[in-house]
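*Asks:*
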Amino acid sequence: MARTLYDKLWDAHVVHQEDNGTALIYVDRHLVHEVTSPQAFEGLKLAGRRLWQAKTVLATPDHNVPTTDRAAGIVDPVSRTQVETLDANCVEFGLNEFRMDDSRQGIVHVIGPEQGFTLPGATLVCGDSHTSTHGAFAALAFGIGTSEVEQVLATQCLWQKKSKAMLVKVDGELPAGLTAKDVALAIIGRIGTAGGNGYAVEFGGAAIRALSMEGRMTLCNMAIEAGARAGMVAADEKTIAYVEGRPQAPKGDDWQQAVACWRTLHSDEGAPFDAVIEFDAALIKPQVTWGTSPEMVLSVEDRVPNPIDAPTAVKKADWERALAYMGLTAGTPIAEIAIDKAFIGSCTNSRIEDLRQAAAVARWAVAQGRRVASNVKLAIVVPGSGLVKSQAEAEGLDKDFLAAGFEWREPGCSMCLAMNADRLEPGERCASTSNRNFEGRQGQGGRTHLVSPAMAAAAAVFGHFVDIRGLMNEARQ
Amino acid sequence: MKPFTTLQGLVAPLDRANVDTDAIIPKQFLKSIKRSGFGPNAFDEWRYLDRGEPDRDCSGRPLNADFVLNRPRYQGASILLTRENFGCGSSREHAPWALEDYGFRAIIASSFADIFFNNCFKNGVLPIVLAADVVERLFVETEAREGYQLTIDLGAQTVTTPAGEAIRFSVDGESKHRLFNGLDDIGLTLLHTDKIKAYEVRRKAEARWLFQ
Ligand code: SF4
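Residue numbers (full-length UniProt numbering), protein chains in the order written: chain A, 1 to 477; chain B, 1 to 212.
(1) Any heavy atom of ligand 1 closer than 7 Å to the CB of A:N435?
(2) With a threshold of 7 Å, establish whether the CB of A:V108 neighbours any heavy atom of ligand 1.
(3) Output the distance between the C-alpha atoms of A:A360 and B:G37, rounded to the nearest integer angstrom.
(4) In chain B, what lies closer than 8 Å to A:W10 by C-beta?
(5) At a cut-off of 7 Å, would you count A:V346 as near ligand 1, judging by its Cβ distance to the nearest heavy atom?
(6) Which residues in chain B have a C-beta closer than 7 Å to the C-beta of A:H16? List them in chain order.
(7) Alpha carbons only, please: which of A:S374, A:T179 and A:F406 is nearest the one belonging to A:E353?
(8) I'd like the span of the beta strand (DSSP E) that includes A:W364, first residue to last.
(9) Am I right that B:A12 and B:L81 are in contact with their C-beta atoms under 8 Å? What's the rounded C-beta distance?
(10) In chain B, which residues lie less than 9 Å from A:G121 when you measure between Cβ atoms?
(11) Quick check: is the beta carbon of B:T142 nearer than 8 Å to any beta carbon in chain A?
(12) With a threshold of 7 Å on Cβ separation, who are the neighbours of B:G182 within its own chain once the five nearest residues in sequence on each side are excluded?
(13) Taking 8 Å as the threshold, find out whether the stretch 154-161 of chain A comes into contact with the stretch 298-311 of chain A through three or more Cβ pairs.
(14) Could you check if A:D128 belongs to the surroundings of ligand 1, using beta carbon to heavy atom distance under 7 Å?
(15) Is the stretch 104-117 of chain A touching the stretch 232-252 of chain A, taking contact as three or more C-beta pairs under 8 Å?
(16) Nearest chain B C-beta to A:Q39 closer than 8 Å, yes or no?
(17) Distance check for A:G386 and A:L46, CA to CA, integer angstroms please.
(18) Residues of the stretch 33-46 of chain B in Cβ contact with chain A at a cutoff of 9 Å, in chain order, please.
(19) Looking at the C-beta of A:Q156, does it have a partner C-beta in chain D at a distance below 8 Å?
(20) Report the option in A:G143, A:S129, A:A176 and A:A210 whose CA atom is closest to the CA atom of A:K169.
(21) Extract the residue ranges of the alpha helix (DSSP H) inside the stretch 372-429 of chain A, only unbroken runs of 4 or more that lie entirely within it.
(22) Which two residues bound the contiguous alpha helix (DSSP H) that contains A:C90?
(23) With distances taken between CB atoms, is the gap from A:A330 to A:V304 smaller than 8 Å?
(24) Output the boundary residues of the beta strand (DSSP E) element that contains B:P13.
(25) With a cut-off of 8 Å, do at least 3 Cβ pairs link the stretch 268-288 of chain A to the stretch 211-226 of chain A?
(26) Quick one: which unbroken beta strand (DSSP E) runs of 3-plus residues sit fully inside the stretch 2-89 of chain A? Chain order, please.
(27) Rounded to the nearest angstrom, how far is the Cβ of A:N96 from that of A:L51, given a contact under 8 Å?
(28) Taking the alpha helix (DSSP H) that B:R137 falls in, what are its first and last residues?
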C-alpha cells in the first residue's frame with residue numbers, strides 16, 4: 001500500500017501497539033536545554049533511575065545565556081542557576097553537553113542539524129515546541145513536556161497516538177527576495193494557528209523542493225505555529241548533501257547504507273492524506289504580522305485591517321484587542337509602521353543563509369551611504385550557534401552588519417523570548433525574525449512584527465517596513 | 001509513582017468553585033528547577049499573609065488564620081473536598097506536584113479541569129468526580145464533625161463515609177490500572193523493557209548508524 005512519509009517514519013518506530021490505538025514509539029535523538037529539563041533529572045534521581053541511552057542525548061544551554069560578553073557570566077541568579085543545574089546534571093548522567101563557553105553552543109534547533117545529530121529517518125524530541133524544525137530532514141520531530149523528557153531519558157520511548165496526515169503543497173516559483181519565512185507566514189495566514197491541529201504536516205511541491213535546507217528548517221519550525229506538532233519535508237539530494245561530513249553523521253559503509261535508506265524517505269505516489277492544501281508560491285508577497293498571533297499576517301502592500309471586516313464576532317473581538325495591544329489604527333499602510341528595534345535571530349532565522357540575506361541588505365545600505373535609521377534604538381543580529389557565528393565572520397558578514405550600525409552578538413535564543421537581558425520595553429515595536437508575536441513574548445508590553453531576515457534588516461535601515469522587492473530592484477540598477 | 005489502592009484519611013473542605021492552577025501554585029514558583037518541595041507553597045497566596053518567593057523558607061512566614069487549611073482540625077488531611085472546575089487555568093504540572101507534596105492523595109469535586117485531571121493521574125493523585133448534591137452533603141458532614149474521615153477504595157471504586165455508606169465513582173480503566181499499580185508512564189513503559197530491547201536489536205540491523 002502507498003504510504004506517506006509520516007506513515008514510514010511512524011511504522012519504523014513502533015515498539016509496541018495497544019488495542020486502543022496508543023503506541024509506544026522509540027526515540028532516536030533527544031535534545032535537552034536548561035529550561036525544561038531540571039525537573040526531569042530530579043525525577044530520575046528521586047526514583048533512582050538511570051538513562052536508557054545517554055549517547056542519544058545532546059544538551060546545551062540556550063534560553064538564558066547572555067548574548068554579550070560571555071566571560072562576564074550570567075548576571076541574573078535565577079537564569080544562572082538553571083544553566084548551572086544543566087551543567088551539573090550533564091556531568092552526573094554522563095551526557096554530551098556544549099556548554100556556554102563551547103564554540104559549538106547555540107540554539108538546540110540550530111546545533112542539532114549542524115552537528116549531524118539530526119538525521120533523516122530518525123525520531124527526535126526536545127522539551128521545546130519548535131522541535132518541529134528537525135522535520136526538514138525527513139525526520140519525525142516534535143516537542144514534549146517535562147514528564148515526557150524524563151520518560152525519554154529513562155526509557156527511550158514515548159506513548160503516542162498517531163496523528164492524521166496533511167499535505168501542504170506549494171508549487172510555482174517563489175519571487176526573488178522572498179524566503180521560506182514568507183511561505184510559512186502565508187500558510188499560517190491562510191489555515192490559521194489551529195489549522196494544523198491533530199495533523200502531522202508534510203510540506204511538498206516544487207517551491208519546497210527548491211528551498212535550501214535552511215529554508216526547509218524555517219518552514220518546519222513554524223509548523224507548530226499552525227497548530228501541527230510535527231512538520232516534515234521529504235529527503236532529497238539536498239538533504240543528503242547537507243548531512244554529509246557533519247561531525248555526528250554516519251561514515252564509511254554506514255554512510256552508504258544510510259543514504260540508500262534515506263532515498264526512500266518520501267510519500268509514495270498516491271499515498272492517502274487526510275487533508276491537502278495547495279498554494280502557488282508565485283502569488284506570495286513579503287509578509288508582515290500586524291497582531292498578536294502569527295495568523296494575524298498580511299503582505300507589506302496591505303493596510304492594518306479593520307475589525308468590522310472580521311469574519312466572525314469572536315475574531316472581531318480578537319482583532320480589536322490585538323490592535324489596542326499593538327497600538328495600531330485600522331487602515332494604516334503596513335509600510336508606514338515605524339519600528340523601535342530590530343531582531344535578527346531565533347531558531348526560525350539565525351542560520352548562515354538567513355544572516356547572508358540580512359547582510360546583503362546591510363551592504364546595500366552602506367553602499368547607499370545609509371545605516372540603521374535614527375529612530376531605531378537597537379538592531380541586533382544574534383547567530384544561532386557559535387559555528388554559524390564563526391562562519392559568518394569568515395565571510396565578513398559581521399563587518400557588513402557593524403558598518404551599517406547593527407550589533408553583532410553571541411549565540412542564543414535572545415530576544416525571541418526575552419529570558420535573558422535582550423528584551424523590548426513596554427510599548428516598543430520590533431521587526432523580528434522569530435516565530436511568536438504573542439503579547440509580552442519579547443518583553444512585557446513589547447510589540448512584535450514577524451518578518452523575514454531581509455525584511456527585518458530593511459526595516460532597520462528605513463526605520464519602517466519596506467517592500468524588499470522594490471529594494472532589490474533598486475539594488476540591481 | 002506511589003500506587004493508590006485504598007486510602008483512609010482526614011478530609012479538608014475547600015469551599016470554592018473554579019480554583020485555578022495559579023491559586024494552587026502561583027507562577028513565581030515555576031522558575032524553580034525543582035519538582036519536589038512545592039508543598040509549603042501550595043495555595044501560597046491564600047495560605048500566607050506575605051508574598052512567597054522560590055527558595056524562601058516558609059516556616060517563619062505569617063499564616064492566614066482564616067484560610068481553611070490552616071485550621072488545626074484539618075492538619076494532616078490527605079483528602080481535599082472541593083467544588084466544580086477544580087484545577088482550571090494553565091497546564092503546569094506544578095499544580096499536582098504541589099498538592100501531592102502537601103499530602104493530598106485524593107481530591108473530590110463535582111468536576112475538574114481537563115488537563116489538571118490528567119496531570120493528577122500522572123502524579124499519583126486520584127481525582128474523584130461525585131454528583132454536586134453528594135459533594136454538598138460531604139461538605140456538611142465534614143464541617144459538622146471534627147476528625148471526619150473517608151475511606152477510598154480504588155479497586156472497588158467507592159468512597160465510604162464513617163456511617164458505612166459506600167458511594168460509587170467512575171474512573172477510566174486505563175487510568176485506574178496505572179494509578180492502582182503505581183505505574184507512571186515510565187513504570188508502564190518499563191513493563192515493555194523486553195520489547196524495547198528487541199526493537200533495538202531489530203532496528204540496529206536495518207539502521208545501524210542511529211545507534212553509534
Ligand atoms: S529561539 Fe525562541 S522559539 Fe526557538 S527555542 Fe529559543 S526561545 Fe524557543
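For each residue, glycine too, the CB sits at the ideal point set by N, CA and C.
*Replies:* Put simply:
(1) yes
(2) Yes, Cβ of A:V108 sits closer than 7 Å to a heavy atom of ligand 1.
(3) 52 Å
(4) Simply none; closest approach about 14 Å.
(5) It is worth fixing the name first, because residue 346 of chain A is Ser in this sequence and not Val. When distances are taken from the beta-carbon of A:S346 to the heavy atoms of ligand 1, the shortest one is below 7 Å.
(6) H192 and K195
(7) A:T179
(8) A:W364 -> not in any beta strand (DSSP E); alpha helix (DSSP H) instead, spanning I352 to A367.
(9) 7 Å
(10) A207 and L210
(11) no
(12) M1, K2 and P3
(13) no
(14) yes
(15) yes
(16) yes
(17) 35 Å
(18) Correct list: I33, K34, R35 and S36.
(19) Going by chain labels, chain D is absent from the structure shown, which instead holds the protein chains A and B.
(20) A:A210
(21) Scanning the stretch 372-429 of chain A from its first residue to its last, the whole alpha helix (DSSP H) runs of 4-plus residues come out as 386-394 and 397-403.
(22) A:C90 -> alpha helix (DSSP H) spans P77 to F93.
(23) yes
(24) T6 to L14
(25) Touching, no.
(26) 14-17, 22-26, 29-32 and 57-59
(27) At roughly 12 Å, the Cβ-Cβ gap does not stay under 8 Å, so A:N96 and A:L51 are not in contact.
(28) A132 to A144
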